[in-house]
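Here the sequence shown stands for residues 7 to 335, where the numbers follow our numbering. In this text, a Cβ means the ideal position worked out from N, Cα and C, and glycines have one as well. Since this is a predicted model, take the numbers as computed values, not measurements.
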Amino acid sequence: MSRGVTLGMGEVERAGGRELVDAPFGNALAALARRRDDIVGLTADLAKYTDILPFKEACPSRFFNVGMAEQNLVAVAAGLAKSGFVAYCTTYGVFATRRAYDFIAIACAHSRAEVKIFAGLPGLTTGYGGTHQAIEDLALMRMVPDLVVIDPCDATELEQVTHAVAAHRGPAYVRLLRGAVPRVLDPETHRFAIGRSYVLREGRDIGLVSTGLMTERALDAAEILSAAGISAGVLHVPTIKPFDAAGVAAFARRHDRLISIENHVVSGGLGALLAEALFEAGIVKPLERVGIPDRFIECGSLPFLQEQCGMTVPQIVALANDKTKRRTP
Numbered sequence: 007m008s009r010g011v012t013l014g015m016g017e018v019e020r021a022g023g024r025e026l027v028d029a030p031f032g033n034a035l036a037a038l039a040r041r042r043d044d045i046v047g048l049t050a051d052l053a054k055y056t057d058i059l060p061f062k063e064a065c066p067s068r069f070f071n072v073g074m075a076e077q078n079l080v081a082v083a084a085g086l087a088k089s090g091f092v093a094y095c096t097t098y099g100v101f102a103t104r105r106a107y108d109f110i111a112i113a114c115a116h117s118r119a120e121v122k123i124f125a126g127l128p129g130l131t132t133g134y135g136g137t138h139q140a141i142e143d144l145a146l147m148r149m150v151p152d153l154v155v156i157d158p159c160d161a162t163e164l165e166q167v168t169h170a171v172a173a174h175r176g177p178a179y180v181r182l183l184r185g186a187v188p189r190v191l192d193p194e195t196h197r198f199a200i201g202r203s204y205v206l207r208e209g210r211d212i213g214l215v216s217t218g219l220m221t222e223r224a225l226d227a228a229e230i231l232s233a234a235g236i237s238a239g240v241l242h243v244p245t246i247k248p249f250d251a252a253g254v255a256a257f258a259r260r261h262d263r264l265i266s267i268e269n270h271v272v273s274g275g276l277g278a279l280l281a282e283a284l285f286e287a288g289i290v291k292p293l294e295r296v297g298i299p300d301r302f303i304e305c306g307s308l309p310f311l312q313e314q315c316g317m318t319v320p321q322i323v324a325l326a327n328d329k330t331k332r333r334t335p
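Next comes the structure, spelled out in C-alpha cells:
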C-alpha cells in the first residue's frame with residue numbers, strides 16, 4: 007500500500023494482486039431473490055453505497071428505501087419479517103449499531119425476527135473519521151442475545167454468507183465489503199458455515215488469528231514470515247457470534263504464541279474473544295493484539311490511518327518477527 011491514496015467510500019484496499027469481484031453482496035442477493043419470492047430488501051438512502059442496487063434492479067417491487075432513518079429501517083424490516091418475509095436491510099455500520107441498537111435488540115433479536123442487517127464501512131474502510139467508521143460494532147453486536155455476528159473475509163465469503171443467513175432462522179448482523187472486493191478464498195473449496203473457524207495455514211512458531219478483511223493480510227504476512235524461516239499458521243474466524251471457541255483453542259495449542267488481527271478496536275472484538283476462549287480452556291500462551299486503538303480515528307487516507315494503527319502487512323510481519331526473536335534467549 008502507498009501512503010496518500012484515497013479510495014472511494016467503503017472500497018477495500020488490495021493487499022495483493024488478487025481477482026476483484028464487483029458488488030458480491032448485491033449480486034448474490036439478487037440471485038437468491040430470483041429463486042425465493044419471500045426475500046425483500048431495504049436501505050436507509052444508501053443503496054448505491056451498500057451495493058444493494060443489483061437486487062433493486064432484479065426485484066424492484068420488493069425493494070424499499072425508507073430514507074435516512076435507521077431506526078425506521080430496522081423497525082420496518084422487523085415488521086416485514088413478522089409478516090412472513092426475510093428482510094435484508096443495508097446501511098452503514100455506525101448508523102445501524104449506534105442509532106438503531108434498541109431496535110436490533112428488541113424488534114429483531116428478542117423477537118427472533120428474520121432480519122439480516124448488512125452494515126457498510128466496517129472499521130477502517132473509510133477515511134471519513136469517527137462519524138463514519140464502525141470501529142466498535144462487533145463489540146456492540148456480540149452483546150445482543152440471539153444475534154449472529156459475521157465479519158466476512160472477501161468476495162467468496164460474502165457471497166456465501168448472503169445465502170447462509172437466509173437459511174439461518176433468526177436475525178444476523180454482517181459486516182459488508184462493497185465495490186470491487188478481492189477474492190482471497192477459493193470458491194471451489196471454501197464452504198462458509200455459521201459458527202465455524204477455518205485453518206487456512208498450519209504453523210508452529212506463531213499463530214495468526216484473524217477475522218474479516220484482515221485475514222488477507224494475515225495470509226500475506228504468514229507467507230513473508232515463512233520465507234524468513236518462521237512457521238506461521240493462520241486461523242480465519244469469520245463468525246464472531248456464535249464463536250468457535252473449541253476451534254480457536256485447538257489452533258492455539260499447536261502454536262507457541264498468538265497474534266489476533268482485526269479491523270476493529272482491540273477491546274471487545276476478536277482479541278478479547280480469543281483471550282476469553284484461551285482462559286476458559288486453561289491455555290496459557292503469549293498473545294499480542296493487532297487492531298484499532300481505543301479512540302476515535304481521525305480523517306485521512308486509509309493507508310495512512312492503517313499505518314498509524316499498526317494494521318499493515320509489514321507491521322504485522324515486524325511484530326511477529328519481534329515476538330518470535332524474543333522467545334530465543
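- DSSP, reduced to helix, strand and coil, places Ile-156 within a strand of the structure shown.
- Excluding the 5 residues flanking it on each side, Ala-258 has same chain C-beta neighbours closer than 7 Å at Gly-213, Leu-264, Leu-284, Ile-289, Lys-291, in chain order.
- About 14 Å separates the Cβ atoms of Val-121 and Ile-156, ruling out a contact at the 8 Å cut-off.
- Contact between the region 231–248 and the region 292–299 is absent, with fewer than three C-beta pairs closer than 8 Å.
- Cβ neighbours of Leu-276 within its own chain (closer than 6 Å, five residues either side excluded): Thr-217, Ser-266, Glu-268.
- Cβ-Cβ distances below 7 Å link Phe-198 to Glu-163, Gln-166, Val-167, Ala-170, Pro-244 in the same chain, with the five nearest sequence neighbours on each side left out; the list follows chain order.
- Between the region 50–69 and the region 146–154, the count of C-beta pairs closer than 8 Å stays below three; the two stretches do not touch.
- Taking 7 Å as the cut-off, the Cβ atoms of Ala-113 and Glu-76 do not count as close.
- In the assembly as shown, Thr-318 is a buried residue. Its beta-carbon has 16 or more other beta-carbons within 10 Å.
- As computed with DSSP, Cys-95 is found in a beta bridge with Leu-48, Ile-123.
- Ser-89 counts as exposed, since fewer than 16 other C-beta atoms from the protein chains shown sit within 10 angstroms of its C-beta.
- Leaving aside the five residues that flank Tyr-204 on each side, the residues in its chain whose CB is nearer than 6 Å to its CB run, in chain order, His-242.
- Within the region 49–75, the complete alpha helix (DSSP H) runs of at least 4 residues fall at 59–64.
- Scanning the region 156–244 from its first residue to its last, the whole alpha helix (DSSP H) runs of 4-plus residues come out as 161–173, 220–233.
- Comparing alpha-carbon positions, the option among Ala-252, Leu-191, Leu-153, Glu-25 lying closest to His-174 turns out to be Leu-153.
- Contact annotation, Ala-119 with Ala-84: C-beta distance approximately 5 Å; criterion of less than 8 Å satisfied.
- Secondary structure note for Gly-23: it is in no beta strand (DSSP E), with a DSSP letter that is neither H nor E.
- Judged by DSSP secondary structure, Gly-277 falls outside any beta strand (DSSP E) and instead within the alpha helix (DSSP H) spanning 276–287.
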